[in-house]
Every structure is written in C-alpha cells, then in structure tokens.
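Worksheet: the structure to be examined is printed underneath.
Numbering (full-length UniProt numbering), first residue to last: 1 to 321.
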C-alpha cells in the first residue's frame, strides 16, 4: 500500500509540473498593474492603442531617433530576435515610442524605424500624450541641454516591455539581453497564447492561402484571363487604381466587340471582389477586408504586364513601364 501511495504521489507531482507556468529567462513582471494602454499615432498616420495588437507578442521600447547608442542597438537586437524566430516572427510586433516628439516627426520615424526591420512601427504623440504614456509605463526620461536649443539629448529608461498575445504585460527585457534569450522567451509566450493573431496590415495577408472560397475565385479569374488579353494589348481595357478592370478606350470598337468587352468586365470584377472577400474571411473576417484588398491589389499591379494600361490615383492612364 505504501508503495502504491508513493507511486500515486509521484504521478501527481509530475502532473503538477506539467501545469507550471513557463520559466522565463528575462524578468517576469506578470501581474503588473501598469502599462494598461496608450493612445498614440504610428508613423503611417494611423491612431493606435494596445488592443490593436491583440493576438501578437508586443515588444514596446521607448527612445528617440537621435539616441546615439541604446536605441539603435536595441532595435538591431530585436531585428536579430525576429531572425531567430523564423515564421513565428510574423506573430511579433515591435513598437518604438518616441520620447522626443518635438524632433521625431512621423516622417522621420517612418524613415528611421523600418530601416531596422520593415515590420517595426514608430509611434508618437504630442508632449502631453508622451508624458502620459511614459507615466503609464513607468518610463523615466529627461531632456538634457546641448550646445544649441535643438542640439540636446534625452536620458531615458533602457528596458523593453513585452505583452503576450492576450494583451497582458509579462516581461521586462534589459538592455543588452542576448537575442537568443529573448527569442526563447517570446516563443514561450506564443506557445501559451489562446488568442489568434490579429491582422493589422497588408503585409500579414497570406495571398497563397488555399481555402475553398479563395480557390473558387482564383479558378474563375484564371479561366477568364486569356480572353481579356487581346483587350489589354489593344489598350481597350486597363487596370484601375482600385485593382478592378476598367474600359479605357472603346471608341473604335464595333457594337459587338464593345458588348463582349463589357460582358467580360462585368464578370471579372465581381470575381476579383469575391477573391478579396474570401481572403479576408480566411484571415479573420470583415474587419480585415481593407488589408486583404490592399495586398491583393498590389499583387495585381505587380503582376500586370509591361506595356498594358494602368490608372493612377488621379484617374490618369499610362502604359506600365
């Protein structure tokens, strides 16, 4: 009986160990009652808050573009982390929040931040919003006078904050933490998440996805493509700026030829929209439609033949180079 009891106890201990929370190598700050939200604008001009990134591991770092050391090395290190994560890198979002909004315009952030990795986002607010988000995240920053009013530095905290895909603050990364350690901790957060990734931009749309509705729409477009070629080559139809096929110049067509071209357009564009809707459904639903549309329209424009007519944003037509 004692042996049986000991065996059962050992089994219970093993089961308990299986449910232990993950052991992080970075500083675990799970349960912290701060870093609850922010209201800033990204370098593309889009208003952002914490909830926008649900479904992804979120790494938040505070700095400024003229920082000589800590900021560029931190961003470069996070680039290396994404490289170690492979496909999982698509489920991680790095945010750089400027503490120097006076000099760090959206245009400057758009040039500086993605230079480290195209998925990185720069965020900014006015002085009041910057002070508010720094207070919420317990970030210290202090402007230090330089040789001229515009030539100053900013002392600031050097750690990065990590949220899990469920939107909870979990880790504090110290400056200089090895990319291998950070990548390992982020993998743990991804593995233990119950929240699916949220698509936040066209780059995250998988245009090769093969759901049945996507395949049906693709097949319809492929079957019709050869019948459109002669009209493209003659400049009668072209690719609209919105990705739809449009009549460009049908003035020299016979009535029958014009009817054929118009019928093809009337069949083509609904199928193009069907493909976009199917892609959106495969990535989360109606809210993803703008990203799905932008991604697919870019694909159509990239694949459009040289010498065929395309429409620009102002409605002007020209031959694709």
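Backbone N, C-alpha and C fix where the C-beta goes; we use that ideal spot for every residue, glycine too.
By Cβ distance below 7 Å, which residues in the same chain neighbour residue i in space, the five residues on each side in sequence not counted?
i: residue 280; result: 286, 288, 289 and 292
i: residue 267; result: 224
When you compare only the Cα positions, how much space is there between residue i and residue j?
i: residue 27; j: residue 173; result: 6 Å
i: residue 107; j: residue 176; result: 28 Å
i: residue 139; j: residue 185; result: 22 Å
i: residue 11; j: residue 34; result: Reliability of the predicted coordinates at residue 11 is poor, the pLDDT of 43 falling under 50, and the value obtained from them is presented with this limitation in mind. One C-alpha to the other measures close to 39 Å.
i: residue 78; j: residue 87; result: 15 Å
i: residue 16; j: residue 270; result: Bear in mind that the predicted position of residue 16 carries a pLDDT of just 43, short of 50, making it unreliable; the figure below should be weighed with that in mind. Near 56 Å, if we compare the C-alpha coordinates of residue 270 and residue 16.
i: residue 327; j: residue 114; result: The displayed coordinates of the chain run from 1 to 321. Any statement about residue 327 would go beyond what the structure contains.
i: residue 169; j: residue 30; result: 6 Å
i: residue 94; j: residue 123; result: 11 Å
i: residue 257; j: residue 208; result: 35 Å
What does the Cβ neighbour count give for residue i, buried or exposed, with the cut at 16 atoms within 10 Å?
i: residue 133; result: buried
i: residue 205; result: buried
i: residue 180; result: exposed
i: residue 49; result: exposed
Classify residue i as helix, strand or coil using the three-state DSSP reduction.
i: residue 226; result: helix
i: residue 172; result: strand
i: residue 82; result: helix
i: residue 151; result: strand
i: residue 317; result: strand
i: residue 253; result: coil
i: residue 117; result: coil
i: residue 35; result: coil
i: residue 18; result: Bear in mind that a pLDDT of 47 at residue 18, under 50, signals an unreliable position, so the number given afterwards is only what the model happens to contain. DSSP places residue 18 in helix when its eight states are reduced to three.
i: residue 308; result: coil
i: residue 267; result: helix
i: residue 2; result: Residue confidence is low: residue 2 scores 45 on pLDDT, short of 50, so the model does not pin down where it sits. No coordinate-derived value is stated.
Starting from the C-beta of residue i, find all residues in its chain whose C-beta is less than 8 Å away, skip the five residues before and the five after it, and write them out in chain order.
i: residue 242; result: 297
i: residue 145; result: 152
i: residue 278; result: 211, 213, 214, 216 and 217
Leaving aside the five residues before and after residue i along the sequence, list all residues of the same chain whose C-beta is less than 6 Å from its C-beta, in chain order.
i: residue 61; result: 74, 96 and 160
i: residue 125; result: 40
Self-check item: Three CB pairs or more closer than 8 Å across the region 47 to 61 and the region 164 to 174
Solution: yes
Quiz item: Can at least three beta-carbon pairs, one atom from the region 296 to 313 and one from the region 229 to 242, be found at a separation below 8 Å?
Solution: yes
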